[in-house]
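Here is the structure we will look at, set down as structure tokens.
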Amino acid sequence: MSVHVQDAAAGPNAEAAVKRTTHQVGSLKRKKEKGEKIVTLTCYDYSTARILDDANVEMLLVGDSLAMTVLGHPNTLSVTMEEMLHHVKAVARGTKYAMVVADMPFMSYQADPIEAVKNAGRFIQEGGAKAVKLEGASERIVGVVKHLVEIGIPVIGHLGFTPQSVNTLGGFKIQGKTLEDAKRLIGDALRLQEAGVCALVLEMVPVPVASLITRRLRIPTIGIGAGNVCDGQILVVDDLLGRYSELTPRFVRRYMKSSQLIHEAVSAYAADIRSGEFPNNDTEAFGFPEELVPDLALLFEKLV
Ligand code: KIV
């Protein structure tokens with residue numbers, strides 16, 4: 002774990018010159034050991050990354066949820082490697098302290114383990130991510146996890162509702178509700194830990210099942226729709242900020258209504274333009290040397 006004194010230009014935290022941890026696999030694991038909650042969010046762009054990093058969010062996941070929140074698709078299936086990489090680079094450029102995690106998009110790791118290694122490697126080498134996340138725990142996926150861990154790429158697992166399997170799961174549905182399903186989930190979690198994942202996202206899992214998995218695992222669990230029993234929490238940042246309203250799952254808590262605030266700001270801007278109030282020529286525009294204004298008028302006359 003490395004510790005920096007935050008630089009003066011960074012934001013509200015800067016004034017106190019707070020000592021900040023540069024988060025990586027080890028620091029998240031230590032938080033579990035100390036019983037400290039891990040704060041994580043999704044993030045898709047540079048300026049949001051700067052704000053979240055400054056607000057001490059410990060892990061930023063460039064989630065394939067950007068297919069829905071940023072690109073307007075109905076689910077996560079259509080986002081490509083190139084699109085994900087583009088956003089991972091932007092988030093990495095805006096982040097100093099948080100651990101940036103790249104979500105491996107659908108079909109970037111399922112078909113061929115060699116392809117999976119190459120794609121994960123691009124997120125680390127070109128994108129600046131510190132880890133990748135992938136969904137599921139089938140034999141094939143566990144094999145991919147082992148390959149990645151073996152070559153030094155930290156991997157985060159994702160169980161419960163796995164959005165890339167939305168067509169098999171029959172919609173956005175809670176998982177692990179029967180004893181049999183709960184047993185399978187616990188087995189999957191242990192198998193992923195054995196394969197070497199450094200953390201595990203549990204999405205839409207009943208609280209007692211998430212609690213059991215969290216207590217059984219050495220690695221941290223990060224919950225979304227799995228109750229406060231997990232070692233950390235994640236939300237889609239657009240949900241938290243209230244700027245994505247196509248889908249509002251039960252587990253989302255909106256901390257602001259930013260679409261309303263943006264609407265109000267843009268309406269005020271439009272009104273100021275229409276009334277001539279914006280921009281102010283004295284304070285929001287550029288003048289011309291006073292003594293040259295008559296010559297400018299003459300020049301204009303010659304031109305017309
Ligand atoms: O893509 C995503 O946003 C995710 C989180 C919901 C964990 O995978």
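2 is the number of the first residue of the sequence shown in this note's numbering; add one for each residue after it.
Backbone N, C-alpha and C fix where the C-beta goes; we use that ideal spot for every residue, glycine too.
Between which two residues does the beta strand (DSSP E) holding residue i run?
{"i": "MET100", "result": "100-104"}
{"i": "ALA261", "result": "Sequence check: residue 261 is Gln here, not Ala. Not the beta strand (DSSP E): GLN261 falls in the alpha helix (DSSP H), residues 259-276."}
{"i": "ALA132", "result": "132-134"}
{"i": "GLY158", "result": "156-161"}
{"i": "LEU293", "result": "Note, LEU293: premise wrong, no beta strand (DSSP E); not H, not E."}
{"i": "THR43", "result": "39-43"}
{"i": "THR23", "result": "20-23"}
So that I know if they touch, is there some Cβ in chain B lying closer than 7 Å to that of residue i?
{"i": "ARG123", "result": "Of the protein chains in the structure, only one exists, and it is not chain B."}
Taking Cβ positions, are residue i and residue j nearer each other than 7 Å?
{"i": "GLN165", "j": "PHE107", "result": "yes"}
{"i": "GLY224", "j": "LEU203", "result": "yes"}
{"i": "CYS199", "j": "ILE220", "result": "yes"}
{"i": "MET100", "j": "HIS159", "result": "no"}
{"i": "ALA50", "j": "THR96", "result": "yes"}
{"i": "GLY161", "j": "LYS38", "result": "no"}
{"i": "TYR47", "j": "ARG94", "result": "yes"}
{"i": "LEU135", "j": "MET105", "result": "yes"}
{"i": "PRO114", "j": "VAL26", "result": "no"}
{"i": "ALA112", "j": "LYS147", "result": "no"}
{"i": "VAL19", "j": "LEU61", "result": "no"}
{"i": "THR163", "j": "GLY137", "result": "yes"}
Ordered along the chain, which non-local residues of its own chain (more than five positions away) have a Cβ less than 6 Å from that of residue i?
{"i": "PRO280", "result": "ALA286"}
{"i": "VAL40", "result": "VAL58, GLU59"}
{"i": "ALA117", "result": "TYR110, VAL145"}
{"i": "ASP273", "result": "PHE279"}
{"i": "GLU83", "result": "none"}
{"i": "ALA183", "result": "GLY177, VAL210"}
{"i": "ASP65", "result": "THR77, VAL80, ASP104, PRO106"}
Could you give the first and the last residue of the continuous alpha helix (DSSP H) run that contains residue i?
{"i": "LYS306", "result": "Residue 306 lies beyond the stretch modelled for the chain, which goes from 2 to 305, so this question has no answer here."}
{"i": "LYS147", "result": "140-151"}
Measuring from the CB of residue i, is there a heavy atom of the ligand KIV at a distance below 6 Å?
{"i": "ASP232", "result": "no"}
{"i": "ASP46", "result": "no"}
{"i": "SER166", "result": "no"}
{"i": "VAL80", "result": "no"}
{"i": "GLY64", "result": "yes"}
{"i": "ASP104", "result": "yes"}
{"i": "THR249", "result": "no"}
{"i": "THR43", "result": "yes"}
{"i": "ILE225", "result": "yes"}
{"i": "VAL202", "result": "yes"}
{"i": "ILE175", "result": "no"}
Apart from the five residues just before and just after residue i, which ones in its own chain have a Cβ nearer than 8 Å to its Cβ?
{"i": "LEU218", "result": "ALA190, LEU191, GLN194, LEU201"}
{"i": "SER3", "result": "Per-residue confidence for SER3 stands at a pLDDT of 43, beneath the threshold of 50, marking its modelled position as unreliable; the derived number appears in the next sentence. Here the set comprises THR22, THR23."}
{"i": "LYS258", "result": "GLY243"}
{"i": "PHE124", "result": "MET85, LEU86, VAL89, ALA103, MET105, ALA130, VAL133"}
{"i": "VAL167", "result": "ASN76, THR77, LEU78, PHE173"}
{"i": "ASP54", "result": "LEU61, GLY95, THR96, LYS97, TYR98, ALA99"}
By Cβ distance, which residues of its chain are closer than 7 Å to residue i, with the 5 residues on each side in sequence left out?
{"i": "THR231", "result": "Before going on, a small fix: residue 231 reads as Cys here, not Thr. Hits under 7 Å: LEU203, ALA211, THR215, THR222, ILE223, GLY224."}
{"i": "GLU16", "result": "Confidence in GLU16 is poor, its pLDDT being 48 and thus under 50, which makes the residue's placement too unreliable to answer from."}
Identify every run of the alpha helix (DSSP H) within the stretch 46-118, keeping only runs that are complete inside it and at least 4 residues long; order them along the chain.
Fully enclosed alpha helix (DSSP H) runs of 4 or longer: 47-55, 67-70, 82-94.
Where are the beta strand (DSSP E) runs, 3 residues long or more, that stay fully inside the stretch 167-221, in chain order?
Runs of the beta strand (DSSP E) inside the stretch 167-221: 200-204.
Just list the alpha helix (DSSP H) runs in the stretch 217-256, keeping only unbroken ones of 4 residues or longer that don't cross its boundaries, in chain order.
Entirely contained in the stretch 217-256, the alpha helix (DSSP H) runs reaching 4 residues are, in chain order, 238-241.
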